[in-house]
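**Q**
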Amino acid sequence: MLKLTVNGATHEVDADPDMPLLWVLRDRLDKTGTKYGCGIAQCGACTVHLDGQPARACQTRIGDVGTAEVTTIEGVSGRVAEAVRGAWRKLDVVQCGYCQSGQIMSAIGLLAANPKPSDADIDGAMDGNICRCGTYQRIRAAIHEAARTLA
Amino acid sequence: MLKIRQPTTEPHASRRAFLTGAAAAAGALVIGFRLDLGGARAAGGLDPASVKAQPNAFVRIGADDTVTVIVKHLDMGQGNTTGLATILADELDADWSRVRTEFAPADAALYGNLLMGPVQGTGGSTAIANSWVQLRKAGAAAREMLVAAAAFDWRVPAGQITVENGVVRHGPTNRQARFGELAASAARMPVPQEPRLKDPSQWRMIGQRVPRLDSAAKTDGSAVYSLDIRRPNQVTAVVAHPPRFGATVKSFDDGAARRVAGVLDVVAISTGVAVIARDTWAAMKGREALAVTWDESAAERRSSDAILAEYREKAKDPGLVASERGDAAGALKGAAKVLEAEFSFPYLAHAAMEPLNATIERAGDGSYDVYAGCQLQTIEQAVIAATLGVTADKVRLHTQWAGGSFGRRATPGADYLAEAATIVKATGAKAPVHLVWTREDDMAGGYYRPTVYHKVRAGLDARGGIVGWQHVMVGKSIMIGSPFEAMLVKNGIDGTTVEGASDTPYALPAYRFEVHNGREGVPVLWWRSVGHTHTAHAMEVMIDELAHAADVDPVAYRLSLLGNAPRLAGALKLAAEKAGWGKASPEKGRGLGVAAHQSFGSYVGMVADVTAGAGSVKVNRIVAAVDIGVAVNPDIVRAQVEGAVGFALSAVLRNRVTLKDGVVQEKNFDAYEPTRMSEMPVVEVHIVPSETAPTGIGEPGVPVLAPAIANAVFAATGQRLRALPLDLAGLKGV
Numbered sequence: 001m002l003k004l005t006v007n008g009a010t011h012e013v014d015a016d017p018d019m020p021l022l023w024v025l026r027d028r029l030d031k032t033g034t035k036y037g038c039g040i041a042q043c044g045a046c047t048v049h050l051d052g053q054p055a056r057a058c059q060t061r062i063g064d065v066g067t068a069e070v071t072t073i074e075g076v077s078g079r080v081a082e083a084v085r086g087a088w089r090k091l092d093v094v095q096c097g098y099c100q101s102g103q104i105m106s107a108i109g110l111l112a113a114n115p116k117p118s119d120a121d122i123d124g125a126m127d128g129n130i131c132r133c134g135t136y137q138r139i140r141a142a143i144h145e146a147a148r149t150l151a
Numbered sequence: 152m153l154k155i156r157q158p159t160t161e162p163h164a165s166r167r168a169f170l171t172g173a174a175a176a177a178g179a180l181v182i183g184f185r186l187d188l189g190g191a192r193a194a195g196g197l198d199p200a201s202v203k204a205q206p207n208a209f210v211r212i213g214a215d216d217t218v219t220v221i222v223k224h225l226d227m228g229q230g231n232t233t234g235l236a237t238i239l240a241d242e243l244d245a246d247w248s249r250v251r252t253e254f255a256p257a258d259a260a261l262y263g264n265l266l267m268g269p270v271q272g273t274g275g276s277t278a279i280a281n282s283w284v285q286l287r288k289a290g291a292a293a294r295e296m297l298v299a300a301a302a303f304d305w306r307v308p309a310g311q312i313t314v315e316n317g318v319v320r321h322g323p324t325n326r327q328a329r330f331g332e333l334a335a336s337a338a339r340m341p342v343p344q345e346p347r348l349k350d351p352s353q354w355r356m357i358g359q360r361v362p363r364l365d366s367a368a369k370t371d372g373s374a375v376y377s378l379d380i381r382r383p384n385q386v387t388a389v390v391a392h393p394p395r396f397g398a399t400v401k402s403f404d405d406g407a408a409r410r411v412a413g414v415l416d417v418v419a420i421s422t423g424v425a426v427i428a429r430d431t432w433a434a435m436k437g438r439e440a441l442a443v444t445w446d447e448s449a450a451e452r453r454s455s456d457a458i459l460a461e462y463r464e465k466a467k468d469p470g471l472v473a474s475e476r477g478d479a480a481g482a483l484k485g486a487a488k489v490l491e492a493e494f495s496f497p498y499l500a501h502a503a504m505e506p507l508n509a510t511i512e513r514a515g516d517g518s519y520d521v522y523a524g525c526q527l528q529t530i531e532q533a534v535i536a537a538t539l540g541v542t543a544d545k546v547r548l549h550t551q552w553a554g555g556s557f558g559r560r561a562t563p564g565a566d567y568l569a570e571a572a573t574i575v576k577a578t579g580a581k582a583p584v585h586l587v588w589t590r591e592d593d594m595a596g597g598y599y600r601p602t603v604y605h606k607v608r609a610g611l612d613a614r615g616g617i618v619g620w621q622h623v624m625v626g627k628s629i630m631i632g633s634p635f636e637a638m639l640v641k642n643g644i645d646g647t648t649v650e651g652a653s654d655t656p657y658a659l660p661a662y663r664f665e666v667h668n669g670r671e672g673v674p675v676l677w678w679r680s681v682g683h684t685h686t687a688h689a690m691e692v693m694i695d696e697l698a699h700a701a702d703v704d705p706v707a708y709r710l711s712l713l714g715n716a717p718r719l720a721g722a723l724k725l726a727a728e729k730a731g732w733g734k735a736s737p738e739k740g741r742g743l744g745v746a747a748h749q750s751f752g753s754y755v756g757m758v759a760d761v762t763a764g765a766g767s768v769k770v771n772r773i774v775a776a777v778d779i780g781v782a783v784n785p786d787i788v789r790a791q792v793e794g795a796v797g798f799a800l801s802a803v804l805r806n807r808v809t810l811k812d813g814v815v816q817e818k819n820f821d822a823y824e825p826t827r828m829s830e831m832p833v834v835e836v837h838i839v840p841s842e843t844a845p846t847g848i849g850e851p852g853v854p855v856l857a858p859a860i861a862n863a864v865f866a867a868t869g870q871r872l873r874a875l876p877l878d879l880a881g882l883k884g885v
């Protein structure tokens with residue numbers, strides 16, 4: 001049995017330590033807001049926070065999570081998270097929406113570390129998150145909008 | 152009153168014909184599923200502007216004031232749920248904050264796409280176009296029923312009653328009621344068949360920015376996609392598919408797979424070997440442990456390079472004539488100057504973010520519930536029912552939010568749904584089965600945009616006017632080789648292959664368009680804008696080359712040929728004006744390129760601003776102008792064009808699916824990399840004001856991007872890159 005803290009709650013999971021956190025979240029804990037896109041850390045759809053830092057759940061063995069606090073799109077909260085969600089809604093960023101959990105988790109990670117990111121900072125933090133609908137222009141605008149809210 | 156014009160039917164004709172035929176074929180070939188093809192609807196009653204008001208099919212008003220709009224289409228990101236709800240809610244004068252949506256069940260009679268015959272489905276940028284009058288009438292009828300109920304209850308003349316923002320009001324007696332209070336009595340009122348529709352001046356939401364209805368659920372993780380379906384006791388299936396198209400299972404050893412913890416069963420099915428497990432990870436591990444021997448005797452073993460080389464040879468022979476006017480060959484003989492160009496296009500995967508998947512569950516009474524991103528409900532229902540050996544009414548489709556599609560979920564044979572149903576049958580339907588395709592399955596699974604080759608010869612007179620144009624293309628048709636070939640392909644010509652070129656709006660005095668159909672064993676399918684993905688590029692780059700050869704400005708040159716296409720000319724002019732066309736390039740290696748194209752009844756002009764250097768192209772800015780008739784939600788229209796740019800850019804710069812000896816080489820985003828944030832240009836979208844009935848915008852932003860960029864690269868460097876993806880390696884610095 002492995003102990004896992006997800007969104008503040010502790011879960012006991014009976015699984016191979018090699019099992020990726022992504023599939024534990026989705027298939028064992030029914031936290032389906034975290035998405036599967038590629039399984040090889042190329043698309044960022046599975047981005048969660050480990051102790052507040054963005055991480056790709058598809059490449060995180062649950063055996064390596066240890067005592068780190070896992071936060072998913074369903075549980076992320078606080079001033080930065082609210083600013084990001086609010087900006088995403090204000091600008092109607094989403095299209096199909098499938099990648100947006102990961103986009104939002106990466107954006108929150110960026111703004112938590114850098115409250116006033118430049119376009120180059122946004123490129124750097126967000127280039128690992130693919131949006132096949134091509135919503136990048138609005139993602140960029142929403143990050144700037146959230147930064148204004150937080151200022 | 153708004154003048155309702157017919158949606159331009161010509162561009163849809165081929166696909167509509169296909170879908171009608173496909174449904175019939177699904178019935179005839181598969182299960183005896185029947186459509187009412189003999190009824191008035193098929194005989195001409197499908198005119199989208201003449202449908203009767205059906206408020207009960209499309210709107211439900213709750214006692215709590217919620218207005219639920221039933222959405223008959225798939226929303227794969229286009230935002231059509233918001234747009235369709237807006238159309239109805241405006242006529243209803245609903246309070247937008249109380250509007251919700253619900254995806255319709257499969258029911259072709261109620262929810263058929265009016266531009267696709269009696270088939271329920273989403274495609275061809277038709278969701279708004281076919282629903283426009285239908286939903287206006289539904290909303291207006293529901294409004295009249297609420298008014299009638301209030302007039303009856305209050306004993307006042309209906310003509311004195313006003314409706315605003317979800318409240319029905321009688322001014323003279325100062326009485327008012329919310330929709331919810333009147334819903335029950337309104338439901339007892341007769342349904343007006345021809346309710347009075349608003350004048351455009353009365354619209355409160357149509358034409359305005361109305362917030363998307365899916366933004367909240369898609370930003371907190373609560374939106375449910377089919378990959379998120381969790382039914383009690385559900386199991387997950389992953390399938391080992393053959394490495395080459397056309398191969399089948401010869402034998403397999405599942406000993407090691409069955410020893411993987413969590414694996415429950417292994418079954419051979421027609422498309423491969425399915426591993427069924429308690430969760431996705433176990434199913435994937437189980438598949439890795441399988442040893443399968445494939446029978447490749449009928450498999451496609453050619454490489455994509457070889458297929459294209461064969462196409463190039465084939466183009467030298469006379470093809471099937473898809474379009475002809477005048478004597479193009481004769482005109483070219485007398486031309487002052489002849490230009491020749493060839494254009495090649497690779498296979499492209501749709502690569503939607505959510506890989507294909509579906510859940511099928513048997514209910515206690517032997518009927519089935521299907522949870523998927525359903526895009527061709529009528530056909531999907533028929534195929535699943537046939538596979539499971541039940542009648543279509545025993546299959547209930549629960550359409551979910553789709554994580555993209557770009558055409559891939561609308562497959563004539565409902566391929567992945569048939570596979571899910573096959574697994575359910577093979578395992579005795581003991582538990583709900585969730586079939587999950589991994590990214591690799593999705594990418595290597597075929598149904599690509601076809602690889603295509605175009606060869607063009609065009610002649611100019613001494614003043615630079617076009618005297619003749621000969622065009623030959625080679626590509627695999629989507630329909631030929633399918634069970635629908637005999638029914639749907641006219642004289643060997645598939646309209647979805649040649650659209651956008653055989654019907655060019657340019658006034659070419661002599662034109663001959665020939666097509667050869669490729670026959671390789673690689674499954675092909677429509678990919679966001681279908682034939683226009685390649686025809687627009689060949690046409691718009693060639694026109695640009697001719698303009699330069701004639702030494703005429705490329706915008707002016709096009710306009711001189713678009714006398715019979717005023718809406719396309721209008722979009723082109725607006726794009727050019729907004730982009731600052733005609734100004735000198737601010738720096739070396741930077742240039743503007745233009746393209747204009749009509750598809751699915753919509754008109755788009757686009758100007759690309761690029762910086763090109765040795766081995767690289769950076770797109771700085773895209774300015775687009777669109778004429779789609781009424782823009783129901785201008786912000787979503789802009790989003791669709793922004794998204795079309797982001798979606799198509801990687802296909803311009805690098806994407807291709809290649810086959811080596813028949814084996815797909817690009818199986819994940821490392822080898823087939825979509826556009827990323829740092830590459831996204833600034834996109835400006837301008838909408839031509841219009842009161843013409845709306846057409847669609849899901850697809851029409853795509854075709855113009857590649858030629859606009861290629862033409863800009865020429866302006867920046869003087870080098871013509873014709874093949875897609877652009878041969879950046881061959882690009883020299885300036």
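Which chain is which? The protein sequence lines are F and A, in order. For the record, in the first sequence the residue sitting at position 41 is 41 according to this note's numbering, with numbers rising by one throughout. In this note's numbering, each residue's number is its place in the second sequence (first place is 1) plus 151. Just so it is clear, CB atoms sit at the ideal spot from N, CA and C, and this is done for glycine as well.
#1: Which runs of the beta strand (DSSP E), 3 residues or longer, sit entirely within the segment 40-105 of chain F?
#2: Taking residue 824 of chain A as the reference, give the member of A/415, A/835 and A/798 with the closest Cα.
#3: Can we say the segment 394-411 of chain A touches the segment 420-430 of chain A, given the rule of at least three CB pairs closer than 8 Å?
#4: Which one of A/697, A/874 and A/742 has the shortest CA to CA distance from residue 496 of chain A?
#5: Run down chain A in chain order and give the residues with a C-beta less than 8 Å from the C-beta of residue 72 of chain F.
#6: Would you say residue 78 of chain F lies against chain A (beta-carbon separation less than 7 Å)?
#7: So with Cβ pairs under 7 Å, would you call residue 736 of chain A a contact of chain F?
#8: For residue 829 of chain A, go through chain F and note every residue whose CB falls closer than 7 Å to its CB, in chain order.
#9: Closer than 9 Å between beta carbons: that is the criterion. Which residues of the segment 20-38 of chain F meet it against chain A?
#10: If you draw a straight line from the C-alpha of residue 282 of chain A to the C-alpha of residue 339 of chain A, how long is it?
#11: If you measure from the CB of residue 304 of chain A, is any heavy atom of the ligand ATP nearer than 6 Å?
#12: Please confirm whether residue 62 of chain F has its beta-carbon closer than 7 Å to some beta-carbon of chain A.
#13: Within 7 Å of any Cβ in chain F, is that where the Cβ of residue 834 of chain A sits?
#14: Name the residues in the segment 244-264 of chain A whose C-beta lies less than 7 Å from a C-beta of chain F; which are they?
#15: Is there contact here, the segment 124-134 of chain F with the segment 34-45 of chain F, by at least three beta-carbon pairs under 8 Å?
#16: Report the residue from A/415, A/273 and A/695 whose alpha carbon sits nearest the alpha carbon of residue 386 of chain A.
#17: Give me the residue from A/388, A/747, A/613 and A/834 with the minimum Cα distance to residue 574 of chain A.
#18: Around the C-beta of residue 487 of chain A, are 16 or more other C-beta atoms found within 10 angstroms, so that it is buried, or is it exposed?
#19: Decide yes or no for the touch test of the segment 718-728 of chain A against the segment 773-788 of chain A: beta carbon pairs closer than 8 Å, at least 3 of them.
#20: Could you check how far apart the C-beta atoms of residue 348 of chain A and residue 236 of chain A are, in whole angstroms? I think they sit under 8 Å.
#21: Does any C-beta atom of chain A lie closer than 7 Å to the C-beta of residue 86 of chain F?
#22: Where does residue 664 of chain A sit, in a helix, a strand or coil, going by DSSP?
#23: Among all the DSSP beta bridges, which residues are the ones paired with residue 20 of chain F?
#24: Touch check for the segment 653-670 of chain A and the segment 458-467 of chain A: three-plus C-beta pairs under 8 Å?
#25: Just curious, the alpha helix (DSSP H) that residue 754 of chain A is in, first and last residue?
#26: Indicate whether at least one CB of chain A lies closer than 7 Å to the CB of residue 96 of chain F.
#27: Would you say residue 590 of chain A faces chain F, with C-beta separation under 7 Å as the test?
#28: If the cut is a Cβ gap below 9 Å, which residues of chain A does residue 53 of chain F touch?
#29: Whole angstroms are fine: how far does the CA of residue 223 of chain A sit from the CA of residue 182 of chain A?
#30: So, for residue 454 of chain A: in the same chain, excluding its five sequence neighbours on each side, which residues have a beta-carbon less than 7 Å away from its beta-carbon?
#31: Checking the sheet assignment: what are the DSSP bridge partners for residue 329 of chain A?
#32: Using the beta-carbon count (16 or more within 10 Å), is residue 142 of chain F buried or exposed?
#33: Within 10 Å of its beta-carbon, does residue 257 of chain A have 16 or more other beta-carbons around it, so buried, or fewer, so exposed?
#34: Would residue 696 of chain A and residue 490 of chain A qualify as a contact pair, given that the criterion is a beta-carbon distance under 7 Å?
#35: If you follow the beta strand (DSSP E) that residue 443 of chain A is part of, which residue opens it and which one closes it?
#36: Starting from residue 710 of chain A, trace the alpha helix (DSSP H) both ways and give me its first and last residue.
**A** With the given structure in hand:
#1: 47-50, 53-56 and 69-71
#2: For the purposes of this step, residue 824 of chain A is taken as residue 673 along the second sequence, with counting starting at 1. The candidate whose alpha carbon is nearest that of residue 824 of chain A is A/798.
#3: yes
#4: As a working note, residue 496 of chain A is residue 345 in the second sequence. Sorting A/697, A/874 and A/742 by C-alpha distance to the C-alpha of residue 496 of chain A places A/874 at the top.
#5: In the first sequence, counting from the first residue as 1, residue 72 of chain F sits at position 72. Residues of chain A with a Cβ closer than 8 Å to the Cβ of residue 72 of chain F are, in chain order, 372.
#6: For the purposes of this step, residue 78 of chain F is taken as the residue at position 78 of the first sequence. No, residue 78 of chain F lies away from the interface with chain A (no Cβ there is under 7 Å from its Cβ).
#7: Position 585 of the second sequence, counting from 1, holds the residue named residue 736 of chain A. Cβ-Cβ to chain F under 7 Å: no for residue 736 of chain A.
#8: The residue labelled residue 829 of chain A in the question sits at position 678 within the second sequence. The answer, in chain order, is 123 and 127.
#9: 20, 22, 23, 24, 26, 27, 28, 30, 31, 32, 33, 34, 35, 36, 37 and 38
#10: The residue given as residue 282 of chain A occupies position 131 in the second sequence. The residue given as residue 339 of chain A occupies position 188 in the second sequence. Taking the straight line joining both Cα atoms gives about 25 Å.
#11: Summarising the ligand content, the structure contains no ligands, and the ligand ATP is consequently not present.
#12: Reading the first sequence from its first residue, position 62 is the one you call residue 62 of chain F. No, its Cβ sits nowhere closer than 7 Å to a Cβ of chain A.
#13: In the second sequence, counting from the first residue as 1, residue 834 of chain A sits at position 683. By this cut-off, residue 834 of chain A is an interface position.
#14: none
#15: yes
#16: Translated into the one-based positions of the second sequence, residue 386 of chain A becomes position 235. The shortest C-alpha to C-alpha distance from residue 386 of chain A to any of A/415, A/273 and A/695 is the one to A/415.
#17: Here residue 574 of chain A is taken as the residue at index 423 of the second sequence, counted from 1. When only C-alpha atoms are compared, the closest one is A/388.
#18: Indexing the second sequence from 1 puts residue 487 of chain A at position 336. The residue in question, residue 487 of chain A, is exposed, as its Cβ has fewer than 16 Cβ neighbours within 10 Å.
#19: yes
#20: For the purposes of this step, residue 348 of chain A is identified with residue 197 of the second sequence, where counting begins at 1. For the purposes of this step, residue 236 of chain A is identified with residue 85 of the second sequence, where counting begins at 1. About 17 Å; that fails the 8 Å criterion.
#21: Your numbering for residue 86 of chain F matches position 86 in the first sequence. So no, residue 86 of chain F is outside the interface.
#22: In the second sequence, residue 664 of chain A corresponds to position 513, counting from 1. Here residue 664 of chain A sits in strand by DSSP.
#23: Looking up residue 20 of chain F in the first sequence gives position 20. According to DSSP, residue 20 of chain F bridges with F/61.
#24: yes
#25: As a working mapping, residue 754 of chain A is identified with position 603 in the second sequence. No alpha helix (DSSP H) holds residue 754 of chain A; the beta strand (DSSP E) holding it covers 753-764.
#26: Start at 1 with the first residue of the first sequence, and residue 96 of chain F comes out as number 96. Residue 96 of chain F counts as touching chain A.
#27: Residue 590 of chain A sits at position 439 when you count from the first residue of the second sequence. Contact of residue 590 of chain A with chain F is assigned, a C-beta pair being separated by under 7 Å.
#28: Within the first sequence, residue 53 of chain F is the residue found at index 53, counting from 1. Ordered by position in chain A, no residue passes the 9 Å Cβ test against residue 53 of chain F, which lies about 19 Å from the chain.
#29: Mapped onto the second sequence, residue 182 of chain A falls at position 31. Mapped onto the second sequence, residue 223 of chain A falls at position 72. With a pLDDT of only 22 at residue 182 of chain A, under 50, the local geometry of the prediction cannot be trusted, and the value read off the model is given with reservation. Looking at the two C-alpha atoms, the distance is approximately 24 Å.
#30: In the second sequence, counting from the first residue as 1, residue 454 of chain A sits at position 303. Cβ neighbours of residue 454 of chain A beyond the five flanking positions: 810, 811 and 812.
#31: Along the second sequence, read from residue 1 onward, the residue named residue 329 of chain A stands at position 178. In DSSP, residue 329 of chain A forms a bridge with A/318.
#32: On the first sequence, residue 142 of chain F is found 142 positions in, with the first residue counted as 1. Looking at its Cβ environment, which holds 16 or more other Cβ atoms inside 10 Å, residue 142 of chain F is buried.
#33: Within the second sequence, the letter at position 106 stands for residue 257 of chain A. By the 10 Å Cβ count, residue 257 of chain A comes out buried.
#34: Locating residue 696 of chain A in the second sequence gives position 545, where the first residue counts as 1. Locating residue 490 of chain A in the second sequence gives position 339, where the first residue counts as 1. Yes; because the gap between Cβ atoms is below 7 Å, this pair is in contact.
#35: Translated into the one-based positions of the second sequence, residue 443 of chain A becomes position 292. Counting along the chain, the beta strand (DSSP E) containing residue 443 of chain A begins and ends at 442-446.
#36: Locating residue 710 of chain A in the second sequence gives position 559, counting from the first residue. Per DSSP, residue 710 of chain A belongs to the alpha helix (DSSP H) from 705-712.
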